[in-house]
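*Asks:* Next up is a structure, given as structure tokens.
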Amino acid sequence: MSARNRKGTCAYCGRQKKLTVDHVPAKLFLERPFPPNLLTVPACFGCNQSFIADDEYTRTVLATDIRATWNYAAQSNLPAILRSLQRPNARGFAEYISQQSHLMNVLAPSGNPFVTVQIERQRINRSGLHMLRGLYFHETGKRLSGTSAAVRVGSKAGLTAEDSDMLTIARVFHLFPDQRNGAAGTAFSYAAAIGDRRSVWLMLLYDYFFWVGSVDERDATEREADGAKEYESPSRVVFV
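Position 25 of the sequence shown, counting from 1, maps to 24 under numbering that gives the first Met the number 0, and the rest follow consecutively.
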């Protein structure tokens with residue numbers, strides 16, 4: 000029986016329900032034809048649908064950013080983004096994006112000015128959390144629960160190897176021996192460093208936009224004791 004027809008445990012809510020599959024990252028971020036290395040986790044229909052609005056927003060503002068100009072997946076998504084904004088039932092979303100946008104004094108290869116969007120960071124970070132929860136299940140086989148673990152996600156554009164945040168991330172990564180990585184086409188890649196009940200996750204979309212997440216599954220007493228050694232804390236790598 001396929002994952003779309005069987006009952007089982009949802010990777011997100013943990014309930015026993017009829018399952019579909021959730022792609023990590025969502026397929027709407029990827030180029031077409033879809034790459035062969037798609038990551039999927041079991042998810043109920045309700046959880047699967049709950050991510051769509053934030054993921055569509057994230058794709059729209061990140062794929063249309065000037066820094067995504069040279070990423071194949073981002074550019075291949077532009078026609079679909081324009082079509083989605085022109086749908087009658089998307090008028091509210093299109094107006095919402097328009098209110099956050101303004102033209103730049105920089106021309107695209109087409110000769111038209113680039114458009115910059117004042118992003119809503121909270122929505123983009125929710126997309127990052129969606130990816131983190133899916134990747135966590137994919138890599139560990141366990142559901143990431145916000146009630147039993149301290150989970151933090153932050154985001155930042157345009158990091159370089161010399162950036163102080165990236166140097167901090169690299170230092171914390173070396174604290175954990177189990178290091179993993181993966182990718183989905185030209186759109187998305189990730190790296191993870193997993194230790195004893197703690198892990199750090201770095202996710203990259205369209206070659207310029209980063210999310211970093213930390214997961215700490217220790218109890219509150221252990222986490223408080225670790226506060227005195229903050230340089231060893233994975234939560235330190237999350238952007239403020």
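Note that CB positions come from ideal geometry on N, CA and C, so glycine has one too.
With DSSP as the reference, label Y230 as helix, strand or coil.
*Replies:* In this prediction, Y230 has a pLDDT of 45, which is less than 50 and means its spatial position is unreliable; nothing more can be read from the coordinates.
*Asks:* Using CA atoms only, rank isn't needed, just tell me which of R31, N36 and A52 is closest to A73.
*Replies:* R31
*Asks:* Apart from the five residues just before and just after L158, which ones in its own chain have a Cβ nearer than 7 Å to its Cβ?
*Replies:* D164, M165 and F209
*Asks:* Quick check: the Cα distance between R222 and P176, rounded to an integer number of angstroms?
*Replies:* 20 Å
*Asks:* Suppose the cutoff is 6 Å on Cβ atoms and the five residues either side in sequence are ignored; what does the same chain contact list for M202 look like?
*Replies:* The residues are M130, Y189 and W210.
*Asks:* If distances are taken between C-alpha atoms only, which option among C9, A10 and L29 comes closest to A79?
*Replies:* L29
*Asks:* Residue range of the beta strand (DSSP E) that C46 falls in?
*Replies:* Here C46 belongs to no beta strand (DSSP E); instead the alpha helix (DSSP H) covers F44 to S49.
*Asks:* Using the beta-carbon count (16 or more within 10 Å), is R125 buried or exposed?
*Replies:* buried
*Asks:* Who are H173's beta bridge partners in DSSP?
*Replies:* DSSP output for H173 lists no bridge partner at all.
*Asks:* Using only the alpha-carbon positions, how far apart do Q85 and R170 sit?
*Replies:* 46 Å
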